[in-house]
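Asks: Let me begin by handing over the structure; questions about it come next.
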Amino acid sequence: MTHEHIVKKFDRNLEKIKVSVLEMGEIVIQQVEDATAVLVTFDSKEADRITMLDRWVNGLNKEIYDRAEILIVRRQPMALDLRQSLAPINISSELERIGDHAKSTAKRAEIINKGDPVQAALDLILEMSRLVQTMLRDVLVAYANLDVELAAEIRMRDREVDNLNKQMLEAAIALTRAMPENAEALIHLVLISRNFERAGDHVCNIARFVHQIATGEDLKASVT
Amino acid sequence: MADPIITARDVNIFYDTTQALFNVDLDILPNKVTALIGPSGCGKSTFLRAINRMNDLIPSCRMEGSLTIGNQDIYARDVDVVALRAQVGMVFQKPNPFPKSIFENVAYGLKIHKLTTSKSELQDRVEWSLKNAGLWSEVADRLDQPGNSLSGGQQQRLCIARAIAVQPKVILMDEPCSALDPIATAVVEELIDNLRKDYTIVIVTHSMQQAARISQRTAFFHLGKLVEFGDTKTVFTTPNDERTQNYITGRIG
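Protein chains in written order, with the working numbering: chain R, 1 to 224; chain V, 1 to 253.
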């Protein structure tokens with residue numbers, strides 16, 4: 001952005017709300033990281049904490065919506081400003097959904113604990129989680145800097161997450177046949193894998209919003 | 001897309017040695033509301049006034065280039081400016097009813113252009129104009145009262161009724177709502193939207209929200225140049241030129 005607003009307070013308001021979205025993003029990254037750790041530690045207290053944390057994240061989403069709404073009413077933004085004012089609503093809502101998937105993962109970890117975790121399947125999920133966490137970190141950087149190229153690259157990376165999800169499903173089917181006694185744990189692992197696959201999709205949506213803010217072009221209809 | 005009703009080609013306008021407009025090319029489509037926006041002194045009002053040759057009244061003002069309405073070059077030597085102004089009505093920033101009755105305000109143009117042949121036809125046309133300006137129900141029982149006894153919003157609709165009485169092709173509006181309260185503004189905006197079925201409207205406005213609400217096409221002028229002209233949706237959501245973006249988002253450009 002080459003110019004400041006004549007009304008400086010508008011710049012400050014836009015910046016503040018963006019910082020809140022980035023802070024919410026940091027919390028969600030932590031949520032995903034912690035939920036992944038629970039898959040290995042089976043710490044049920046930690047799983048409960050992550051579930052509680054999700055309420056806070058939902059509250060942040062609501063707070064960001066309210067602030068963006070007031071900003072729009074007060075400033076009646078247009079063009080780039082309108083996109084910058086709407087972005088916090090859209091992006092925080094995607095973050096909130098990623099938080100839901102982290103919560104779901106943490107809850108299922110407890111159930112897996114009851115069965116015998118199947119290491120090969122779990123390894124695939126841990127790899128997915130690493131990819132999604134990096135994508136999430138990078139998409140926040142892309143949003144902070146309105147970096148269209150980084151946003152495009154993140155969308156490409158999601159294919160790898162989708163592939164791992166597919167591999168996970170195939171592995172689960174094979175393992176269920178070989179070890180039917182682990183079926184319950186494997187079903188939950190498939191659903192956890194789905195959580196990360198969906199989280200990757202939400203990161204991609206954020207990357208599309210970054211592209212839209214910077215260029216005005218809506219990528220919703222396109223594949224990447 | 002329909003053929004343009006107003007075509008400006010390479011229009012340059014000077015006040016003495018100061019150039020107010022530079023090489024403006026602009027096509028205005030029929031039955032659309034075209035908004036002219038830009039900072040004060042950008043040339044938008046100068047362009048608006050060129051469309052009905054109001055700049056002729058300023059001795060130092062000189063125009064180059066061509067401006068046609070329909071296929072008529074409105075700056076040709078043989079053009080009757082009074083007849084031109086019957087084709088191109090104008091509504092100003094401040095409502096300016098004549099110091100006459102409501103009826104006479106609307107009848108005035110019809111009389112001077114001799115557009116009616118009988119008293120009953122005149123009465124019908126005045127009623128038709130007031131109805132189309134959305135004012136009839138408010139003044140039907142007091143047509144003999146002075147025009148300036150009406151409220152600001154009503155006076156502006158009276159001026160619009162006066163403009164449409166002579167059934168012009170084009171109505172020019174120079175900040176028609178800037179002296180009106182929000183409710184009167186909304187009534188006039190609704191009226192503008194209804195009028196475009198029968199007329200082509202060109203409006204200068206300082207309110208970008210108003211331009212976004214009521215126009216289909218928007219032209220952005222800056223320092224005497226036409227910077228950007230296109231569909232209103234595009235101009236206000238994804239403008240092509242950085243100067244347009246800076247202006248509509250309230251940045252120092």
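Ideal Cβ positions, reconstructed from N, Cα and C, are used throughout, including at glycine.
Since this is a predicted model, take the numbers as computed values, not measurements.
Between Tyr247/V and His3/R, what straight-line distance do the alpha-carbon atoms span, to the nearest angstrom?
Replies: About 10 Å.
Asks: Evaluate Leu219/R with the Cβ neighbour count: other Cβ atoms within 10 Å of its Cβ, from every protein chain shown; 16 or more gives buried, anything less gives exposed.
Replies: Leu219/R is buried by the Cβ-count criterion.
Asks: Using the Cβ count rule (16 or more neighbours within 10 Å means buried), how would you classify Asp25/V?
Replies: When all chains shown are included, Asp25/V counts as exposed.
Asks: List the endpoints of the continuous beta strand (DSSP E) containing Ser66/V.
Replies: Looking at the DSSP string, the run of the beta strand (DSSP E) that includes Ser66/V is 61–69.
Asks: Return no unless some Cβ of chain V is closer than 9 Å to the Cβ of Val7/R.
Replies: At least one chain V Cβ lies under 9 Å of Val7/R.
Asks: In chain order, what residues of the same chain have a beta carbon less than 6 Å from the beta carbon of Gln87/V, not counting five sequence neighbours either side?
Replies: So the list reads Pro168, Lys169, once near-sequence residues are dropped.
Asks: Within a Cβ cutoff of 6 Å, which residues of the same chain sit near Arg196/V, ignoring the five residues on either side of it in sequence?
Replies: Around Arg196/V: Asn31, Val33.
Asks: Looking at chain V, which residues of the segment 68–84 of chain R have a Cβ within less than 9 Å of any of its Cβ atoms?
Replies: Those would be Arg75, Gln76, Pro77, Met78, Ala79, Leu80, Asp81, Leu82, Arg83, in chain order.
Asks: Decide if the segment 97–111 of chain R is in contact with the segment 195–203 of chain R; the criterion is three or more beta carbon pairs, one per stretch, under 8 Å apart.
Replies: Because the criterion of three Cβ pairs below 8 Å is met, the segment 97–111 of chain R and the segment 195–203 of chain R touch.
Asks: Residues in its own chain within less than 7 Å of His113/V by CB, not counting five upstream and five downstream?
Replies: Once the five neighbours on either side are set aside, the close Cβ partners of His113/V are Ala86, Val166.
Asks: Taking a Cβ distance cut-off of 9 Å, strictly less, list which residues of the segment 236–249 of chain V are near chain R, in chain order.
Replies: Hits within the stretch, in order: Phe236, Thr237, Thr238, Pro239, Glu242, Thr244, Gln245, Asn246, Ile248, Thr249.
Asks: For Arg243/V and Val227/V, what's the separation of their Cα atoms in angstroms?
Replies: When rounded, the distance between both Cα atoms is 8 Å.
Asks: Note down, in chain order, each residue of its chain lying with its Cβ closer than 6 Å to the Cβ of Met1/R, except the 5 sequence neighbours on either side.
Replies: Residue placement at Met1/R is flagged as unreliable, the pLDDT there being 49, under the threshold of 50; a coordinate-derived value is accordingly withheld.
Asks: Evaluate Met128/R with the Cβ neighbour count: other Cβ atoms within 10 Å of its Cβ, from every protein chain shown; 16 or more gives buried, anything less gives exposed.
Replies: Flag for Met128/R reads buried.
Asks: Which residue wins for smallest C-alpha separation from Arg74/R, given the options Val7/R, Asn165/R, Ala37/R?
Replies: The shortest Cα separation from Arg74/R among Val7/R, Asn165/R, Ala37/R belongs to Val7/R.
Asks: Check whether chain V comes within 9 Å of Arg208/R, counting only Cβ atoms and requiring the distance to be less than that.
Replies: Chain V, which has no Cβ nearer than 9 Å to the Cβ of Arg208/R, makes this no.
Asks: Beta carbons nearer than 9 Å to chain R: which residues of the segment 67–84 of chain V have them?
Replies: Listed by position along the chain: nothing, the set is empty.
Asks: What residue does the alpha helix (DSSP H) around Met156/R start on, and which one ends it?
Replies: Start and end: 148–178.
Asks: Can you tell me where the beta strand (DSSP E) holding Asp277/V begins and where it ends?
Replies: Since the displayed chain V opens at 1 and closes at 253, residue 277/V lies outside it and no answer follows.
Asks: With which residues is Tyr15/V paired in a DSSP beta bridge?
Replies: Answer by DSSP bridge pairing, in chain order: Thr18/V, Cys61/V.
Asks: How many angstroms separate the CA atom of Asp241/V from the CA atom of Phe229/V?
Replies: Between Asp241/V and Phe229/V, the C-alpha separation is close to 10 Å.
Asks: Name the two residues that bound the continuous alpha helix (DSSP H) containing Ile206/R.
Replies: Run containing Ile206/R: 183–215, per the alpha helix (DSSP H) assignment.
Asks: Ordered along the chain, which non-local residues of its own chain (more than five positions away) have a Cβ less than 7 Å from that of Ala172/R?
Replies: For Ala172/R, where only same-chain residues beyond five positions count, the Cβ hits under 7 Å are Ala121, Leu186, Leu189, Val190.
Asks: Between the segment 63–79 of chain R and the segment 12–22 of chain R, do three or more beta carbon pairs fall short of 8 Å?
Replies: Yes: at least three Cβ pairs fall under 8 Å.
Asks: If I'm right that Ala133/V touches Ile160/V with Cβ under 8 Å, what's the distance once you round it to whole angstroms?
Replies: So it is a contact: roughly 5 Å between Cβ atoms.
Asks: I need the straight-line Cα distance from Gly65/V to Val11/V, nearest angstrom please.
Replies: For Gly65/V and Val11/V, the distance between alpha carbons rounds to 4 Å.
Asks: Can you pull the chain R neighbours of Met208/V, defined as C-beta to C-beta under 9 Å?
Replies: Chain R residues near Met208/V: Gln76, Met78.
Asks: Is it buried or exposed for Glu181/R, if we count other Cβ within 10 angstroms and need 16 for buried?
Replies: Classification for Glu181/R: exposed.
Asks: Use the C-beta contact count for Pro99/V: other C-beta atoms within 10 angstroms, 16 or more gives buried, fewer gives exposed.
Replies: Flag for Pro99/V reads exposed.
Asks: Can Ile263/R and Glu94/R be called in contact, C-beta distance under 9 Å?
Replies: Nothing about residue 263/R can be read from this structure; chain R reaches only from 1 to 224.
Asks: Measuring CA to CA, which of Gln72/V, Ala35/V, Gly41/V, Asp27/V is closest to Thr18/V?
Replies: For Thr18/V, the nearest C-alpha among the options comes from Gly41/V.
Asks: In whole angstroms, what is the alpha-carbon distance linking Ala151/R and His211/R?
Replies: Distance between the alpha carbons of Ala151/R and His211/R is about 7 Å.
Asks: Could you compute how far the alpha carbon of Val38/R sits from the alpha carbon of Val235/V?
Replies: Using only the alpha carbons, I get a separation of about 51 Å.
Asks: Counting along the chain, where does the beta strand (DSSP E) carrying Gly230/V start and finish?
Replies: Residues 225–231.
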